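Notes to accompany the following structure.
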Amino acid sequence: MLDCRVLDLSDHRGQLAGGMLADLGADVVLVEPPGGSRARNVGPFVEGREGDPESSLWFWSYNRGKRSMVLDLDDPGGQESLRRLAASADVLIESDAPGAMAARGLGPDDLAAVNPALVYASITPFGQNGPKADWAATDLIVSAAGMLSNVVGDEDRAPLRIPLDQCFLHASAEAAVASLVALRERKRSGQGQHIDTSVQQAVTQATQSATLCHLYNSPELLRMSGGARLGPFRVRLRSPAADGFVSATILFGESIGPFGARLFEWMHPQGGCADSDLEIDWIHFVEGVITGRIPITEYDRIQQVAADFTATRTKAELLEASLEHRLLIVPISTVAEVVDSPQYAERDFWRDIATGGLDSVRYPGPMAQLSATPLDISTPPPSLGQHTAEVLAELDAAPVAVAPVSHELVSDELVSAAAASHRDPALPLADVKILDFMWVMAGPGSTRVLADWGATVVRVESSHKVEAARTIQPFLNDEAGAENGGLYQNMNAGKLGITIDISKPESRDLILDLVRWADVVCESFSPRALRELSLSYQDLCEVKPDIIMASSCLFGQSGPLSSLAGFGTMGASLSGFYEMTGWPDRDPAGVFGAYTDYVSPKFLSAVLLAALEHRDRTGEGQYIDMSQAEASMKFLAPAVLDYSVNERMPAKLGNDHPSMSPHGVFAATGEDRWIAVACESDEQWQALCGVIGAEGLAGLGVGERRERADEIAGLVTAWTSERDAVEAHSELQAAGVPAHAVADSAMMAADPQLAHRRHFREVAHGANGTMWVEGTRFAMSRSSDGISHGGPTYGEHTFVVLEQLLGYDADRITELAVAGVLE
């Protein structure tokens, strides 16, 4: 699908980015140092081959489909070879420390002189500049700095990290999307640019907008094992089953409350609840608690009644009931159960590929199913230097071809397209038009990124069926209301809003006119919902043959779980993330909230941009079937391979790490204040010893430190517990020790690095004057984002859409209003 050359210079912190582009069809050349990429030293390994650079399952997970060549970038000859490669490349991805590539003469400016059209993408913990740009960091450190750790774990213990270095995976996926945005902009300008992706900013997406609590004057979201604390409510997302655990979502309001009502109606004939429980006010329960009409203890009681019942049924029985009765109960699956699931088998998701001397290794399959350009991911990861001679031969044989550089920044064609799309023509995606029927987070999150960079996104809502994101905290001044929700604002900033009752037959012509206007139609209804309204992909193609349509739901449009109605909390549980996150001596604490809703949008954004590129080149649209669970499986890949190859299940590690020590979260002064500290090297350990006064232990190697982990944790805690977390991380970083306070939303709002990168934006809002939203997770050297207003109020842009985008006159608009189409 993609027709471009990518040079991947990253290590384990960035290789997913190149892997995504390879899956989308790019020719990705992995440039490795003579000893091999650092990723080849990251476990897990094929059992019995530990340390073998050709047996790292982490490396295999994120380098399938690439070609490997060896270059010594610290040698003048290797540097010159890279310049020659860069002269004809489209994208370069690197994850070195800020300034490290420039010190070799290979920085963005250096290579722009060789190839002005090169898109140069950098992935770093805190970004390329700012007060923390040079801070030492591991995944644990940026998890703390990005607030993710603060919402994961048991409330009576230290905050937790999610295993498998999730933070750098979030940033890698962002960098892939950013590269595609820059490539689309390059088609107009002929110029490349530097992409600066911050891991700290990327991972904030996984807090479900809890980063906004302080700015919204709303209570902090607090961690809780198996759930979360939201103001006075303790939301349990882990319940016992007869043979393990399930995730049972019991919440209230117009969107979610009916699921709870159906659960108790199913339980009642089986003796699972009292007659009086059938009278629970599932719609107005929260209002009842706030006004005092309902005691807060009633919520705990309701959840306990449900938990007592689920404990008497197996996971399989509860899943069957969930499918039959449309409940929000799913198993908390192990990796083994994920790999053996009939859902993935029926969708032919897994790919069995001969790798590293093994006849068959099971890999996660494509990030989405595409009707016109199915993704071919059958190529195994390369051995070290496997393609060096091949790539160099191509370099010698091919003339340098660089995209022409335009000095006309805004073409007449783009001005015309932008006028029809209602965006500034200088924005990278100003010519992209999207019709958005998606809701909550997984879908809207993908189109929010495209809106940030200029796409005109028309969001269709119904005021009679409240969008669930409007009912989820944080709320402005802690007051619930359809226009006060931070999650809704964050997912829909920059979009145009129109309210349509799509159940009215008269709405179909309006929707088809919007389809004619659009390049892309996105929806996240349950499978078959649009077919029943005669708005399927085939129906849309009749009026717009080259339309791109994407359907995003938990498990895709086919398979035994496709009819499962639910949220990302269920996707996280069924996908294996939940079960491995926790302390060794306790039940799984689980990832926070709707984890697959935080991961999958990045993949959908990338697929949409690649599909647009394919359509521009061929005139061919297509249908995209996005399973949020399947796309998110990329973040679980090393564990899947470990089970496939070694029949080994991931263990709950708490904050421990197999190759770093110390590696943990330690108490600081104040209530529930913590600081993350990690040592990747002996030098960092020696520096830590100097700071905390433990010079006598400075000679311990990592193996000895792991053996004496409890003793060392006590020494670190003795030092941190007498200090403010921010002061402590400043002192440790000054000594070169990776450390960061575990941030809450107040600390995030005061973070000088986030302020420098304009992470929080106060934007115009139709009802409240202004609202806070998060900014982009990446910056570009030439292009600016277009974030200027928050999520639309109900019907805020109805007349803008109908009059300016569709050209409707007053009579046509009156007809729609009289028919009840416009709400």
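Numbered per the numbering used here, the sequence shown finishes at 1462, counting up by one with no gaps.
Here a beta-carbon is modelled for each residue, glycine too, at the ideal position from N, C-alpha and C.
Predicted, not measured: the structure shown is a model, and the values here were computed from it.
Item to complete: Compute the beta-carbon to beta-carbon distance between Met1386 and Ala1380, rounded to the nearest angstrom, for a pair I have assumed lies under 8 Å.
Response: Here residue 1386 corresponds to residue number 747 of the sequence shown, with the count starting at 1. Here residue 1380 corresponds to residue number 741 of the sequence shown, with the count starting at 1. Yes, Met1386 and Ala1380 are in contact; Cβ-Cβ is about 6 Å, under 8 Å.
Worksheet entry | Under the three-state DSSP convention, the category Tyr701 falls into | Against the sequence shown, residue 701 aligns to sequence position 62. Helix, per DSSP.
Practice prompt. Could you check what DSSP says for Met1288 in three-state terms: helix, strand or coil?
Written response: Within the sequence shown, residue 1288 is the residue found at index 649, counting from 1. Correct three-state label for Met1288: coil.
Worksheet entry | Neighbourhood of Val1538 by C-beta, 8 Å cutoff - its chain only, sequence neighbours within 5 removed | As displayed, the chain neither begins before 640 nor continues past 1462, which places residue 1538 out of reach and without an answer.
Worksheet item: Which residues in the same chain have their Cβ closer than 7 Å to the Cβ of Asp650, if we skip the five residues on either side of it in sequence?
Response: One-based indexing of the sequence shown puts residue 650 at position 11. For Asp650, where only same-chain residues beyond five positions count, the Cβ hits under 7 Å are Ser676, Arg677, Ala678 and Ser734.
Worksheet item: DSSP puts Gln1261 in a beta bridge; with which residues?
Response: To locate residue 1261, count along the sequence shown from 1; it is residue 622. Looking at the DSSP assignment, Gln1261 forms a beta bridge with Ile1187.
Worksheet item: Which runs of the beta strand (DSSP E) fall wholly inside the region 1285-1325 and span at least 3 residues, in chain order?
Response: 1302-1306 and 1313-1317
Discussion item. Checking 7 Å against the spacing of the C-beta atoms, do Ile1150 and Gly1260 come in under that value?
Written reply: On the sequence shown, residue 1150 is found 511 positions in, with the first residue counted as 1. On the sequence shown, residue 1260 is found 621 positions in, with the first residue counted as 1. Result no, Cβ atoms of Ile1150 and Gly1260 do not sit closer than 7 Å.
Fill in: Proximity to Ala1132 [Cα-Cα], best of His1428, Arg1451, Leu1213 and Cys912
Locating residue 1132 in the sequence shown gives position 493, counting from the first residue. When each option's Cα is compared against that of Ala1132, the closest is His1428.
Worksheet item: Taking Cβ to Cβ, would you say Trp921 is nearer than 7 Å to Ala946?
Response: Position 282 of the sequence shown, counted from the start, is the residue given in the question as residue 921. Position 307 of the sequence shown, counted from the start, is the residue given in the question as residue 946. For Trp921 and Ala946, no; Cβs fall outside 7 Å.
Worksheet item: Should Asp778 be labelled buried (16 or more other beta-carbon atoms within 10 Å of its own) or exposed?
Response: For this step, residue 778 is matched to residue 139 along the sequence shown. Asp778 should be labelled buried.
Worksheet entry | Coarse secondary structure for Asp991, derived from DSSP in three states | Residue 991 sits at position 352 when you count from the first residue of the sequence shown. Asp991 falls in the strand class under three-state DSSP.
Worksheet item: Any idea what DSSP makes of Pro715, helix, strand or coil?
Response: Mapped onto the sequence shown, residue 715 falls at position 76. DSSP places Pro715 in helix when its eight states are reduced to three.
Practice prompt. Thinking Glu1162 and Ser1190 are a contact (beta carbons under 8 Å), I'd like their distance in whole angstroms, please.
Written response: In the sequence shown, the residue the question calls residue 1162 occupies position 523. In the sequence shown, the residue the question calls residue 1190 occupies position 551. That pair is a contact at about 6 Å.
Fill in: Segment contact, 8 Å Cβ cut-off, at least three pairs: the region 827-844 with the region 1407-1416
yes
Worksheet item: How far does the alpha helix (DSSP H) with Lys1072 in it reach, from first residue to last?
Response: What you label residue 1072 is simply residue 433 of the sequence shown in a count that begins at 1. From DSSP, Lys1072 is part of no alpha helix (DSSP H) but of the beta strand (DSSP E) over Lys1072 to Phe1076.
Discussion item. Assuming contact is defined by CB atoms lying nearer than 7 Å, are Glu1462 and Asp1140 in contact in what I supplied?
Written reply: Translated into the one-based positions of the sequence shown, residue 1462 becomes position 823. Translated into the one-based positions of the sequence shown, residue 1140 becomes position 501. Contact flag set, yes.
Practice prompt. Just mark Asp662 as buried or exposed, buried being the case when its beta carbon has 16 or more other beta carbons within 10 Å.
Written response: The residue given as residue 662 occupies position 23 in the sequence shown. It is buried - the Cβ of Asp662 has at least 16 other Cβ atoms within 10 Å.
Item to complete: Along the alpha helix (DSSP H) that carries Glu1532, what are the first and last residues, could you check?
Response: The question about residue 1532 has no answer here: the residues shown for the chain are numbered 640 through 1462.
Worksheet entry | At least three beta-carbon pairs within less than 8 Å, the region 707-717 to the region 1008-1028 | yes
Fill in: Ile780 - containing beta strand (DSSP E), residue span
Residue 780 sits at position 141 when you count from the first residue of the sequence shown. From DSSP, Ile780 is part of no beta strand (DSSP E) but of the alpha helix (DSSP H) over Asp778 to Ala784.
Worksheet entry | Stretch pair the region 869-883 + the region 953-967: three plus CB contacts closer than 8 Å | yes
Fill in: Minimum length 3: unbroken beta strand (DSSP E) runs contained in the region 807-865
833-837 and 861-863
Worksheet entry | Close beta carbons around Val1105, own chain, < 8 Å, minus the five adjacent residues each side | As a working mapping, residue 1105 is identified with position 466 in the sequence shown. For Val1105, where only same-chain residues beyond five positions count, the Cβ hits under 8 Å are Gly892, Glu893, Ser894 and Ala1121.
Worksheet entry | Same chain only: Cβ atoms within 6 Å of Ala1057, ignoring 5 sequence neighbours per side | Position 418 of the sequence shown, counted from the first residue, corresponds to residue 1057. Annotation note: pLDDT 48 at Ala1057 (below 50); position unreliable, coordinate value reported separately. So the qualifying residues of the chain are Pro1064 and Ala1069.
Worksheet item: Does the beta-carbon distance from Val1341 to Pro1301 come in below 7 Å?
Response: Position 702 of the sequence shown, counted from the start, is the residue given in the question as residue 1341. Position 662 of the sequence shown, counted from the start, is the residue given in the question as residue 1301. No. Outside cutoff.
Item to complete: Look up Arg1001 in the DSSP assignment and give the residues it is bridged to.
Response: As a working note, residue 1001 is residue 362 in the sequence shown. According to DSSP, which records beta bridges pairwise, Arg1001 is partnered with Asp991.
Discussion item. Beta-carbon within less than 7 Å of Asp1264's beta-carbon, same chain only, minus the 5 sequence neighbours each way: which residues are those?
Written reply: The count along the sequence shown starts at 1 and reaches residue 1264 at position 625. Correct list, in chain order: Ala1007, Gln1008, Ser1190, Gly1195 and Gln1196.
Discussion item. I believe Ser732 touches Gly653 by the beta-carbon criterion, under 8 Å. Please report the beta-carbon distance rounded to the nearest angstrom.
Written reply: The residue labelled residue 732 in the question sits at position 93 within the sequence shown. The residue labelled residue 653 in the question sits at position 14 within the sequence shown. First, the residue type needs correcting, since residue 732 is Ile and not Ser in the sequence shown. Right, the Cβ-Cβ distance comes to about 6 Å (below 8 Å), so this counts as a contact.
Discussion item. According to DSSP, is Gln767 part of a helix, a strand, or is it coil?
Written reply: Position 128 of the sequence shown, counted from the start, is the residue given in the question as residue 767. In the structure shown, Gln767 sits in coil (DSSP, three-state: anything other than H, G, I, E or B).
Worksheet item: Which of helix, strand or coil does DSSP assign to His1046?
Response: As a first step, residue 1046 must be located in the sequence shown, where it is residue number 407. With a pLDDT of only 39 at His1046, under 50, the local geometry of the prediction cannot be trusted, and the value read off the model is given with reservation. The answer is coil: DSSP assigns His1046 none of H, G, I, E or B.
Fill in: Contacting residues, own chain, Cβ-Cβ under 6 Å from Val820 (five flanking each side not counted)
Sequence index remark: in the sequence shown, residue 820 carries index 181 (1-based). Hits under 6 Å: Pro1067 and Trp1092.
Practice prompt. Quick one: measure Cβ to Cβ for Val978 and Tyr1282, integer angstroms, because I've assumed they're closer than 8 Å.
Written response: As a working note, residue 978 is residue 339 in the sequence shown. As a working note, residue 1282 is residue 643 in the sequence shown. That pair is a contact at about 6 Å.
Fill in: Residues of its chain near Pro858, where Cβ-Cβ distance is below 6 Å and the 5 sequence neighbours each way are ignored
Walking along the sequence shown from the start, residue 858 turns up at place 219. These residues qualify, in order along the chain: Gly870.
Item to complete: Spell out whether any CB of chain D is found under 7 Å from the CB atom of Leu1444.
Response: You won't find chain D in this structure, because it holds only one protein chain.
Fill in: Contact check, Gln1392 vs Pro770, beta carbons under 7 Å
In the sequence shown, the residue the question calls residue 1392 occupies position 753. In the sequence shown, the residue the question calls residue 770 occupies position 131. In this structure, Pro770 lies closer than 7 Å to Gln1392 by Cβ.
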